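The structure appears right after this line, and notes come after that.
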Amino acid sequence: MILSVNCSSIKNEKALDETCILKAGTHEFITRDSFIFYRHIKIDSLDEIKANIEAGYFIQKALINDEAYQQILKGVLSSKSVTPRYKRFLKNAIRQSACPDILAEP
């Protein structure tokens, strides 16, 4: 299972969720200042992601850099838009060393 978040462009200089702002150029796919829209967080299976790539709904790109990755993960734990279910999912993944590059909460 994979925790998926939506990255949306900031429009009219206003982000709908200011928990995690990513500057243009942070990744090849991010060409304008953007935000992680944590309200649309979900859990996908690898099969669902592969099917969406094959159907053309998802576009596979290079991995995001470590700094942005950690910023996004920390936002899951701090955003008021993320329900406890998804916070538990991430905390369990951290405990099981599925996310070894982010520190567990103190």
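With full-length UniProt numbering applied, the sequence shown covers 1 to 106.
For every residue, glycine included, the Cβ atom is placed at its ideal position computed from N, Cα and C.
In this text, all values refer to a predicted model and were calculated from it rather than measured experimentally.
Residue i burial status per 10 Å Cβ neighbour count (16 or more: buried)
| i | result |
| --- | --- |
| Ile59 | exposed |
| Gly75 | buried |
| residue 133 | In this structure the chain extends from 1 to 106, so residue 133 is not present and cannot be described. |
| Ala15 | buried |
| Leu63 | exposed |
| Tyr86 | buried |
| Ala104 | Confidence is the limiting factor: at Ala104 the pLDDT is only 45, short of 50, which leaves the residue's position unreliable, though a coordinate-based value still follows. Classification for Ala104: exposed. |
| Ala98 | exposed |
| Pro106 | For Pro106, the predicted structure reports a pLDDT of 37, less than 50, and the residue's modelled location is therefore unreliable. The matter cannot be settled from this model. |
According to DSSP, residues forming a beta bridge with residue i
| i | result |
| --- | --- |
| residue 159 | Coverage of the chain is limited to positions 1 through 106, which leaves residue 159 absent and any answer about it impossible. |
| Leu22 | Ser34 |
| Lys11 | Lys14 |
C-beta atoms of residue i and residue j nearer than 8 Å
| i | j | result |
| --- | --- | --- |
| Ile2 | Leu73 | no |
| Leu22 | Ser34 | yes |
| Asp66 | Ser4 | no |
| Thr26 | Ala68 | yes |
| Lys50 | Glu28 | no |
Distance cut-off 7 Å: residue i Cβ against heavy atoms of the ligand NAP
| i | result |
| --- | --- |
| Met1 | Questions concerning the ligand NAP fall outside what the structure shown contains, since it holds no ligand whatsoever. |
Runs of 4 residues minimum, wholly inside the stretch 35-82: which ones carry the alpha helix (DSSP H) assignment? Correct list: 46-55 and 66-78.
Assess contact between the stretch 76-91 and the stretch 21-40, defined as three or more Cβ pairs (one per stretch) separated by less than 8 Å. Is contact present? Counting Cβ pairs under 8 Å, three or more are found: they touch.
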